[in-house]
Amino acid sequence: MAFPLPSHLPRKVDVSSQILSKLDSATWQTLNSSVASCWCEELDECINQAKRRIHDRIRSDIAAFDAQLSSAKSAQERLSTLSHGIHSLNRSVFDPESGAASSTLETLKQHHALAQASLNADVLHASLQHLAKCKAQLDLAQTTADAGDLPAAVRACSELQRVLAASPGPLAEANVIGDMKRVSQVIDNRVSELLEYACSVGLVVNEQYISVRPSVLVSDSATPLPLSSVLSSLSPSALTARLASLRRDLTSYYVDRVLRSSTSVTTTTEDDLSDFIVHKIQYLTSNDSITRDISLNTLSHVLDFLDEKVFPHLPSPQKESFPRTLAKPVTSSIMTNLLTPSLPSTLEGLPAFLQLTRKAVDFESKYVVGLLGSDSMDREIKTWADNLCAHYERARRVHILGATRNVILERAARTGDTFVAEIHVSPEGVPPIQTTVANQQSVIECSPSSEDAWNLNDNQSFGMSHSGSAVDEQSWGFDDAIEQPERTGVASESKPEVKADPDPGDAWGWNDDEPLEEPMGEETGTNSSHDGLWDDDPWGDNESPTHPPAVPAVVDVLQSHRVAGGSTNGSSKASRGLSHGRKERYLVSTLTTEIVRTVENCLEEGKALATSRIFPQLSALSPGNLIMHSTSLVLELYCGLYPVVATSRLSDAALHMQFSNDCYYLSEELDRVLLKAEAPSDVQRKLQEGRAELTVLADSWFYDAIDKQVMTLCNTLASAGGFTGTSDEDRYDECEATVTAVLQNIKRLARAWKHVLPKGKYYIAVGNVVDGVLSRILDDILAIPDIPEVESHKLGELCRILFALEVIFVDDSESLVASFVPSWLKFSYLSELLEASMADLTYLFDEGALVDFEIDELVKLVRALFADTPLRTKTLDKIMGGHPIR
């Protein structure tokens, strides 16, 4: 195989290329005859040379040449012979007249025509035969339908549709088959309509009656049809729809209605106009009231009628299954329309209800299981009846919580329903509110402040250590079936005068220009607002409050501090002022008495239910346990619902504290209830948890009210701008107005709380508010870096304005301000230090009178008040050495 030469290698130039190159290079000037003749000679020479080379090559290997030549001639001859044979064969096969292919094709065409004719004859015969069968079946269906023989017509139509559906292929698309199908559909629809009419006549269920005709006569029929054959002739879909409608109507008209309205029925058998028997059951119209237990008898009559007159006519499969489909609706209706609505809310109704329950269980055993064929292991009514005690108690609990919720919602929108409760304070002193204050209450006297909407008797007292209550025992109906022992409250030897309710709406009268209104009476005398504010006595003390002592001088303050023993809490002084045993009054909402009585009634009702033995002991849960557990749910409902529905009212400072009183009162009443109650341990544990939660809630609302007022007053003090620049008269007037406003607001707040809180908690609450205000002023003044002499006098005057607050803490002619306001002494010293000399300050420091101040506070105060002198440096060195006495 020759390889192509690369394009970059020179190629051998052939003769023709040389001659053509010469022709191309010749021009008309150089081209002449001699040149052309020369070119011809060259071509001839080249041709002759080629011939000589060919002959030379042949002569060089003559034997091979002869062999190849002979082979070529032989191949040519064989090719000619083969071509001739092929031509002859082609002519013998494909010749139109005598060829084998033409003869074969003609024979095949004749065979195909004969086979087609035979097939057409067979198809025609089969189609005509099937068509005759369809015609005969169509005539039979038409005849039976016209004769009114509906069951036979149904069978004929079914067979006709089967035959038409099985038509041969060519016949199935024929027009005659289509016509027969349309006629068959018309007959089938007519038979279906007649069957529906026969069913509607033979079995009628409506609101008035149920009628059953064992034989039904349809139009164009001389023979009555049995109802069973009519129902059996219905199509499966029509029968299913008919039975579903029958079940719905029976459930609605003759199960739910009987159990819901407690009506009675009657059964009759009579002849109609065609002398056919008609069985009928219908409602009786009577004006007499029928009890619910009679409704079970009525329902049993209905089921007996269905079992005797309706169920036997059903087709065989539905005769067993259809009654079972009624079992669940009957059971559910008895539960929903009879047992659950009849569940009593009192013990008096339980015997009759237990009898009704036993009848329902017997009914389920006889009819639901026996007649309707329900599963004997799935007896819903019996299972419910076995747990009847729990169902009763749950329903009772829902009723109790619903009534409690309604009372809370009603009372949350009302104001003035309060009474005054009393606390017996032990002589040990004033304990913390979180613990011992909650344990000081022993006797509470109820004095309604408005109309007796809660059926409270003004002449009765609510004794905390006894089970008596001034509120009507029958208001909630908890103990309708419980025999209650006679209760007598413990009345005090001398009943305190009934106090009217304070109006909490003016607890935050921020307008200084308006006169202060006394909730318990008008102010007497011509004293200023500082003194006349406390002329009323909501706590019932006989002693009149004294005016606060004058502002002490430096030495007097020092002596007072020495008497206190260097302490800032003033506990010994408070003990002397509040140590004697006494009663303290506070305001409580009458809603709390309702909550307490509800808790007591729940415990008593649960105990009565447990001792009545009216329920058999079939479960681990003892009777009455759920009702007793309702007590904790009542408390949770009150704690969760009342603060939400009374949000707008509780924004008032006095009402905010009153809710804390309510929670405290409830916690103490629960303590009394726990002492006398004979409840199970788990119930007592729940009540103890509820009592603890109420105590925490009372404390949290108590201190939350304090924090809110402190925040409000501190926001007011923020307008003073840190009490800087008071040397300017306008700036001093602004600060003075701010401090005066704070003073008035604290007094108004104290007045509002005085009518709500007991004395001990009142001093704690107001003391914390005053302490928060004084601490803010102390921080502002101590933060001033430089206090000139004029400003120091102005700041001292501003501080002395708040000394008027001491009148709030006067008890039995003795001031308790240092006991309940921890920063009072420190604030008093600050007012004196602002105008004291360096010698006075050094003397007080050496005597240990300034121990309330931190070292860095004294350092900053000295640097702000005094110029930088050697004496100030010496004083600062002494102060930075620490307090001499601790």
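Everything in the sequence shown is counted per our numbering, starting at -7 for the first residue and increasing by one.
Positions of the beta carbon are idealized from the N, C-alpha and C atoms, including for glycine.
Which residue marks the beginning of the beta strand (DSSP E) containing residue i, and which one marks its end?
i, result
"Asp263", "257 to 263"
"Thr716", "Element bounds for Thr716: n/a, residue is neither H nor E."
"Lys818", "Segment 816 to 825 is the alpha helix (DSSP H) holding Lys818; no beta strand (DSSP E) there."
"Ser643", "First-last for Ser643: undefined, no H or E at that position."
"Gln108", "From DSSP, Gln108 is part of no beta strand (DSSP E) but of the alpha helix (DSSP H) over 92 to 139."
"Glu576", "574 to 581"
"His785", "Run containing His785: none in the beta strand (DSSP E); it sits in the alpha helix (DSSP H), 781 to 793."
"Ser203", "201 to 204"
Against chain D, does residue i count as a neighbour if the rule is that its beta carbon must be under 7 angstroms from one of theirs?
i, result
"Ser192", "The chain labelled as chain D is not found in the depicted structure, where only one protein chain is given."
Please report the Cβ distance between residue i and residue j, rounded to the nearest whole angstrom; I am assuming they are in contact, meaning their Cβ atoms lie under 8 angstroms.
i, j, result
"Ile587", "Val636", "About 16 angstroms; that fails the 8 angstroms criterion."
"Leu790", "Val731", "5 angstroms"
"Thr323", "Ile373", "6 angstroms"
"Ala856", "Ile776", "6 angstroms"
"Ser325", "Leu209", "No, Ser325 and Leu209 are not in contact; Cβ-Cβ is about 36 angstroms, not under 8 angstroms."
"Pro143", "Ser221", "5 angstroms"
Sorted by chain position, which residues of the same chain lie with C-beta nearer than 7 angstroms to residue i's C-beta, five sequence neighbours on each side aside?
i, result
"Glu827", "Ser784, His785, Gly788"
"Arg234", "Cys191, Leu226"
"Asp902", "Examination of residue 902 is not possible in this model, given that the chain is present from -7 through 878 alone."
"Leu863", "Met830"
"Gln701", "Ala645, Leu741, Val761"
"Ile50", "Phe57"
"Glu880", "With the chain covering only -7 through 878, there is no way to say anything about residue 880."
Suppose you measure from the CA of residue i to the CA of residue j; what does that come to, to the nearest Å?
i, j, result
"Thr865", "Leu705", "38 angstroms"
"Lys565", "Ser805", "Bear in mind that a pLDDT of 40 at Lys565, under 50, signals an unreliable position, so the model cannot answer this."
"Phe268", "Ser207", "7 angstroms"
"Thr833", "Lys575", "Sequence check: residue 833 is Leu here, not Thr. Each residue's alpha carbon lies about 44 angstroms from the other."
"Ser95", "Leu106", "17 angstroms"
"Thr135", "Val204", "29 angstroms"
"Val257", "Leu291", "9 angstroms"
"Ala744", "Asp869", "48 angstroms"
"Phe345", "Pro333", "11 angstroms"
"Glu798", "Ala810", "9 angstroms"
"Arg174", "Glu312", "37 angstroms"
"Ser815", "Asp763", "6 angstroms"
"Val183", "Val146", "7 angstroms"
"Glu385", "Ile619", "6 angstroms"
"Ile286", "Val675", "40 angstroms"
Sorted by chain position, which residues of the same chain lie with C-beta nearer than 6 angstroms to residue i's C-beta, five sequence neighbours on each side aside?
i, result
"Tyr245", "Glu199"
"Ala445", "Confidence is the limiting factor: at Ala445 the pLDDT is only 33, short of 50, which leaves the residue's position unreliable, though a coordinate-based value still follows. Cβ within range, chain order: n/a, list empty."
"Ala859", "none"
"Val196", "Ser203"
Return the first residue and the last residue of the alpha helix (DSSP H) that residue i is part of.
i, result
"Leu195", "No alpha helix (DSSP H) holds Leu195; the beta strand (DSSP E) holding it covers 195 to 197."
"Lys753", "751 to 774"
"Tyr634", "617 to 637"
"His305", "Where His305 is concerned, there is no enclosing alpha helix (DSSP H), given that its DSSP letter is neither H nor E."
"Lys43", "25 to 52"
Which of the three DSSP states, helix, strand or coil, is assigned to residue i?
i, result
"Thr410", "strand"
"Val417", "strand"
"Arg371", "coil"
"Ser807", "strand"
"Leu217", "strand"
"Leu705", "helix"
"Ile606", "coil"
"His271", "strand"
"Ser563", "Residue placement at Ser563 is flagged as unreliable, the pLDDT there being 36, under the threshold of 50; a coordinate-derived value is accordingly withheld."
"Ser17", "helix"
"Ser80", "helix"
"Lys491", "Legend: pLDDT at Lys491 = 38, less than 50; position of this residue unreliable, value from coordinates given subsequently. Correct three-state label for Lys491: coil."
"Pro862", "helix"
"Val208", "strand"
"Val591", "helix"
"Val843", "coil"
"Val748", "coil"
For residue i, I'd like the list of residues in its chain whose CB is within less than 8 angstroms of its CB, leaving aside the five on either flank, ordered along the chain.
i, result
"Glu506", "Residue placement at Glu506 cannot be trusted, given a pLDDT of 38 that sits under 50; the coordinates are not used to answer."
"Arg83", "Gly91"
"Thr259", "His271, Lys272, Ile273, His293, Phe297"
"Val399", "Leu583, Glu586"
Is any heavy atom of the ligand COA found at a distance shorter than 6 angstroms from the C-beta of residue i?
i, result
"Leu794", "Looking for the ligand COA in the displayed structure turns up nothing, as the structure carries no ligands at all."
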